[in-house]
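The structure appears below as structure tokens.
Residue numbers (my numbering), protein chains in the order written: chain E, 60 to 228; chain L, 60 to 228; chain S, 60 to 228; chain H, 60 to 228.
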């Protein structure tokens, strides 16, 4: 039976949305794993229970996850908090500037996900010279081709982790 | 002329509210500095410009600042972002458990405030054996008298910093 | 074949060492998983490759991992960095005070481990009223019985994760 | 009487050193403030007491401050910890890749400095399109001219803060 990974995102300018699409592509490249993409406005708490893995993408707002995504996780806690052990999760973020908080935003996402009970990870891999994703994928402004390749690496990596994990309480 | 510090908070159970009141008491103990307390539901972006210092208190929700406070800062950015240089800010948080994310919540607050342009600080001081506030004041559940004393230390400290700072662009 | 988890720690006063011993006990409670304990002074870079899981414990020094543990990971990078994908890791820390940086120390450990390529996690679980380990186990001063129970929960949890993971590049 | 700011750094490849020099230039552009530069190998704990401000620069090693700088602050605690209230501090870091941990390194530095008692800050300012320093100055590989300009902005900003602060216990 296929494993399933949700790419959950918020986006204002479209940059984070573009990253979400590439993450999903990376996931689908891995046999036996399916991706779904949902904007935070339509996601439901139950989604956190239904999917085997989760990648959360946010624009960098004040160096942290957008308030809509924060509200989603605050309000989903009643349904899904401490019910996601053994599920894998990752993060991505787009910012307006280098040094503008995209890694801090990843940290705020990963921290929230660990709090829920997810296993989280980063990518030692580089997509090319000087572009990596040690805490998830990042982009400054419109993501370039190396940044989008990191998004696909992120997708492939979570798909492989999800496929390799057979945790039961 | 008096300097003024705003204590801005969110609270569900009343624990963070109690901490806010003690922070305000600490501020008022310092001559020449006045405190105001506002719940996030009534605060306005303009407040960030009007006050010389800011202490932000949040319950620990998923190990980070509450979504209402995040929304306040996301939405106030248009008015106040990069217009608070030289202003001082600090943080406090109440959590349900030791190891439950109250320091991570302080970090999420301080990160957001640095992003705006505030100078932020912690407290090396101890209020008694084994209780301090290196990144701001914390409490686990209902704050005890040593935790409330850290709140007052936080208030006195920001008041002294605000009084000592005479920054102009 | 048994899976193996390393408990790697630094300790000055003995508090973090005590926590390391309890984490190891928790690991050994899970069938099919073995624990080893090593002080940072005797650990080798190769250990990171040899073990299936890793729990790193540090006293809280300036709100972050001790310099000896940081040196170990900085210097082991040549051998083990980006060669630990699919391995699971967690953290624990002892501090001198509540609000004194034990969660910040966990964050500095988890961040370092994600950088290497580990999957990291926290514990939604409580060991009793008001004591949990959302980013790993913490203690203030000499760890009490609830804090030691969180250490054992941490050990059991990583053992179960390691057992359930069958990742290959 | 002049105020004095110390630029304390570690560097392997020379990139962080180059940034240190630019930070110092920015400091010296502000009337009434002098800069000194010291490599971590020659800095002394007493320096933390002697200077009015401090900017710490580290290469990004495992997404955090280098172990030599960590050792410096761990070992200087006995002399200078909780004796720097009212002093201002900032951070800068060079990494091998975008998304490679330079902001996480800034966070590890700022966290350590807050722990000591410093007031810390970031820069809302941009040096040009897409380059800023919300948690301090960063560079990926050899710093370009916009990244070096952020270093100078950082230097000028701390100099102005130090000049404007007249804190006494």
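Beta carbons: idealized from backbone N, C-alpha and C, even for Gly.
Q.
Please list, in chain order, the chain S residues whose beta carbon lies closer than 9 Å to that of residue 190 of chain E.
A. The premise fails here: residue 190 of chain E is roughly 15 Å from chain S at the closest Cβ pair, so nothing lies under 9 Å.
Q: Indicate whether at least one CB of chain E lies closer than 8 Å to the CB of residue 117 of chain L.
A: no
Q. Listing by chain order, which chain E residues have their CB less than 8 Å from the CB of residue 178 of chain S?
A. 147, 178, 179, 180, 220
Q: Answer yes or no: do residue 120 of chain L and residue 133 of chain E have a C-beta to C-beta separation smaller than 8 Å?
A: yes
Q.
Taking 6 Å as the limit between beta carbons, can you name the residues of its chain near residue 177 of chain L, skipping five residues before and five after?
A. 143, 146, 148
Q) Looking at residue 76 of chain L and residue 214 of chain L, is the spacing between their C-beta atoms short of 8 Å? A) no
Q: Return yes when the Cβ of residue 173 of chain L is within less than 8 Å of the Cβ of residue 194 of chain H, no when it is not.
A: yes
Q | First and last residue of the uninterrupted beta strand (DSSP E) at residue 116 of chain H | A | 112-118
(Q) Considering just the uninterrupted stretch of the alpha helix (DSSP H) at residue 204 of chain S, what are its terminal residues? (A) 204-223
Q: Could you please tell me which residues of the stretch 129-145 of chain S, in chain order, have their CB closer than 7 Å to any CB of chain H?
A: 129, 130, 132, 133, 136
Q) Shorter than 8 Å from the beta carbon of residue 156 of chain H to some beta carbon of chain S? A) no
Q: Note down, in chain order, all residues in the stretch 192-204 of chain S with a beta-carbon under 8 Å from any beta-carbon belonging to chain L.
A: 192, 193, 194, 195, 196, 197, 199, 200
**Q.** Own chain residues within Cβ distance below 7 Å of residue 186 of chain S, not counting five before or after
**A.** 205, 208, 209, 212
Q) Got a sec: which bits of the stretch 65-98 of chain E sit with their beta carbon under 7 Å from any beta carbon on chain L, in order along the chain? A) none
Q: Please list, in chain order, all residues of the same chain as residue 198 of chain H whose beta carbon is under 7 Å from its beta carbon, the five residues on each side excluded.
A: 74, 78, 153, 206
**Q.** Rounded straight-line distance, which links the Cα of residue 202 of chain S to that of residue 80 of chain S
**A.** 12 Å
**Q.** Spatially closest choice to residue 140 of chain E from E:219, E:125, E:179, E:104, by CA coordinates
**A.** E:104
Q) Is the beta carbon of residue 221 of chain S within less than 7 Å of some heavy atom of the ligand ADP? A) Of the ligands one can find in the structure shown there are none, so the ligand ADP has no counterpart to examine.
Q) Could one say the Cβ of residue 167 of chain S lies closer than 8 Å to chain E's Cβ atoms, at least one of them? A) no
Q) To the nearest angstrom, how far is it from the Cα of residue 65 of chain H to the Cα of residue 114 of chain H? A) 6 Å
Q. Residue 68 of chain S and residue 116 of chain S: beta carbons closer than 8 Å?
A. yes
Q) Does the beta carbon of residue 225 of chain L sit closer than 8 Å to a beta carbon anywhere in chain H? A) yes
(Q) To the nearest angstrom, how far is the alpha carbon of residue 158 of chain H from that of residue 124 of chain S? (A) 22 Å
Q) Quick one: Cα of residue 71 of chain E to Cα of residue 170 of chain L, how far? A) 21 Å
**Q.** Contact belief for residue 93 of chain S with residue 126 of chain H at Cβ below 8 Å, rounded distance in angstroms
**A.** About 30 Å; that fails the 8 Å criterion.
**Q.** Bounding residues of the alpha helix (DSSP H) (the contiguous stretch that carries residue 104 of chain L)
**A.** 104-109
Q: Decide if residue 227 of chain H is buried, meaning its Cβ has at least 16 other Cβ atoms within 10 Å, or exposed.
A: exposed
Q. Residue 155 of chain E and residue 156 of chain H look like a contact to me (Cβ under 8 Å); what is the Cβ gap, rounded to whole Å?
A. Going by Cβ atoms, the distance from residue 155 of chain E to residue 156 of chain H rounds to 19 Å, so no, they are not a contact pair.
Q | Cβ-based neighbour list, residue 96 of chain H, same chain, cut-off 6 Å, excluding 5 preceding and 5 following | A | 66, 79, 83
Q. Is there a Cβ from chain E that is less than 8 Å from the Cβ of residue 102 of chain L?
A. no
Q. Along the chain, where does the alpha helix (DSSP H) that runs through residue 139 of chain S open and close?
A. 126-139
(Q) Could you tell me which whole alpha helix (DSSP H) segments of length 4 or greater appear in the stretch 159-197 of chain E? (A) 161-175
Q) Where does the unbroken beta strand (DSSP E) through residue 71 of chain S begin, and where does it stop? A) Looking at the DSSP string, residue 71 of chain S is not in any beta strand (DSSP E), and its letter there is neither H nor E.
Q: Give the range of the beta strand (DSSP E) segment to which residue 97 of chain L is assigned.
A: 92-98
Q: Using alpha carbons as the reference points, say which of L:221, L:165, L:175 lies closest to residue 151 of chain L.
A: L:165
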